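Everything on this sheet refers to the single structure shown next.
2 protein chains.
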Amino acid sequence: MPNTISPPTNLQRLAEWLKVLAEPNRLLIFNLMMEGVQCNCELGDGLQMAPNLISHHLRVLREAGLIDVERDALDARWMYYSINLQALEELNQAWSSFFDPQRIKPRRLTCGPHGEFIRLDLEEAR
Amino acid sequence: MPNTISPPTNLQRLAEWLKVLAEPNRLLIFNLMMEGVQCNCELGDGLQMAPNLISHHLRVLREAGLIDVERDALDARWMYYSINLQALEELNQAWSSFFDPQRIKPRRLTCGPHGEFIRLDLEEAR
DNA sequence: TATATAATTCAATGATGATTGAATTACTTT
DNA sequence: AAAGTAATTCAATCATCATTGAATTATATA
Numbered sequence: 032m033p034n035t036i037s038p039p040t041n042l043q044r045l046a047e048w049l050k051v052l053a054e055p056n057r058l059l060i061f062n063l064m065m066e067g068v069q070c071n072c073e074l075g076d077g078l079q080m081a082p083n084l085i086s087h088h089l090r091v092l093r094e095a096g097l098i099d100v101e102r103d104a105l106d107a108r109w110m111y112y113s114i115n116l117q118a119l120e121e122l123n124q125a126w127s128s129f130f131d132p133q134r135i136k137p138r139r140l141t142c143g144p145h146g147e148f149i150r151l152d153l154e155e156a157r
Numbered sequence: 032m033p034n035t036i037s038p039p040t041n042l043q044r045l046a047e048w049l050k051v052l053a054e055p056n057r058l059l060i061f062n063l064m065m066e067g068v069q070c071n072c073e074l075g076d077g078l079q080m081a082p083n084l085i086s087h088h089l090r091v092l093r094e095a096g097l098i099d100v101e102r103d104a105l106d107a108r109w110m111y112y113s114i115n116l117q118a119l120e121e122l123n124q125a126w127s128s129f130f131d132p133q134r135i136k137p138r139r140l141t142c143g144p145h146g147e148f149i150r151l152d153l154e155e156a157r
């Protein structure tokens, strides 16, 4: 009997979010945004990155739904980015339900030299 | 005055962990290990992946310190992988201190059309 | 000792995606 | 209308890394 695998339904989504956030420069950008930094120019100041590159990363973050963007009401040349709080909540929810240490189950015994009847003194191998 | 940026000291480390976990197949493997699946063969069963590819991903997870490995005491051909609980704790710690919604600060006002004196009715843009 | 098994290593390939420089867009100011 | 500014888009390049198939290692069994 093959393993009956039922990954959390949000596993795919979690993987996509992690991919977006795993890029070092994007994580730095996200970090600055957590601290209230919000426009391309200012991010460029802080990170020494070309504005078009920042635009690229902001777009990836935005397409992942992690951040929002809007134009300045008085001078519409300026864009303000901000962290999407709801997405952040969902992200944290998905993360903690996946990486919860309590989820860890003891060893499955469907393989190895002893099949289902593995000797107990091997159980410490967990 | 440029931004004085002080990302959490564990930001680099967090980025590395995220990179490792952001790979969809690795996340699936990690998921199976949370459920107690532990050897190459069994992972292959569940994931339809070539054993050498699984070995590759297990190595990446292991080199990141996320999982441990040991040989079966009775038949040393079999390897048993398991999640490193301490690493998991550190991972969760790094994650939650970084992605804590409470960390989010209001907009910084060092750029934009109004400098430090931006009008308050724009503040809802947060 | 020879063969089989679990897993890994190696070398090559391919795809993805970050980065770069040069336009281009959107908007404001003169 | 012309020039300037913030930001984005575009096309091309480059690096990284997952994937694949073919050895190779380590161990056990016949």
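Residue numbers (this note's numbering), protein chains in the order written: chain H, 32 to 157; chain U, 32 to 157. Note that CB positions come from ideal geometry on N, CA and C, so glycine has one too. Predicted model, so just to flag it, every value in this text is computed and none were measured.
query	result
CB contact flag (Val-51 (chain U), Ala-118 (chain U), <7 Å)	no
The stretch 55-65 of chain U in contact with the stretch 74-90 of chain U per 3-pair CB rule at 8 Å	yes
Per DSSP, the bridge partner or partners of Arg-102 (chain H)	H:Met-110
CA nearest to the CA of Pro-132 (chain U), picked from H:Trp-109, H:Ser-128, H:Leu-97 and H:Asn-41	H:Leu-97
Spatial distance of Ala-53 (chain U) from Ala-107 (chain U) (CA atoms)	31 Å
Contacts that Leu-97 (chain U) makes with chain H (C-beta to C-beta distance below 7 Å)	The contacting residues do not exist; Leu-97 (chain U) stays about 10 Å from chain H at best.
Nearest-angstrom Cα separation, counted from Ile-135 (chain H) out to Pro-33 (chain H)	Residue placement at Pro-33 (chain H) is poorly supported in this model, since its pLDDT is 40, which falls under 50; the coordinates still yield a value, given next. One C-alpha to the other measures close to 20 Å.
Ala-104 (chain H) classed as buried or exposed, judged by whether at least 16 other C-beta atoms fall within 10 angstroms	exposed
7 Å Cβ cutoff, Leu-89 (chain U) in contact with chain H	no
Inter-residue spacing [alpha-carbon to alpha-carbon] between Glu-154 (chain H) and Glu-120 (chain U)	Bear in mind that the predicted position of Glu-154 (chain H) carries a pLDDT of just 35, short of 50, making it unreliable; the figure below should be weighed with that in mind. Their Cα atoms are separated by approximately 22 Å.
Among U:Glu-101, U:Gln-43 and U:Trp-126, the one whose alpha carbon lies nearest that of Asn-115 (chain U)	U:Glu-101
CB contact check: Pro-33 (chain U) to chain H, cutoff 7 Å	Because Pro-33 (chain U) carries a pLDDT of 40, less than 50, the predicted location of this residue cannot be relied on, and the following value inherits that uncertainty. Closer than 7 Å to some Cβ of chain H, the Cβ of Pro-33 (chain U) qualifies, so yes.
Reference Arg-57 (chain U), options H:Trp-109, H:Pro-82 and H:Leu-49, closest by Cα	H:Leu-49
Chain-ordered neighbours of Arg-44 (chain H) on chain U, where CB pairs are closer than 7 Å	The premise fails here: Arg-44 (chain H) is roughly 11 Å from chain U at the closest Cβ pair, so nothing lies under 7 Å.
Entirely enclosed alpha helix (DSSP H) segments - the stretch 52-108 of chain U, minimum 4 residues	55-65, 71-78 and 82-94
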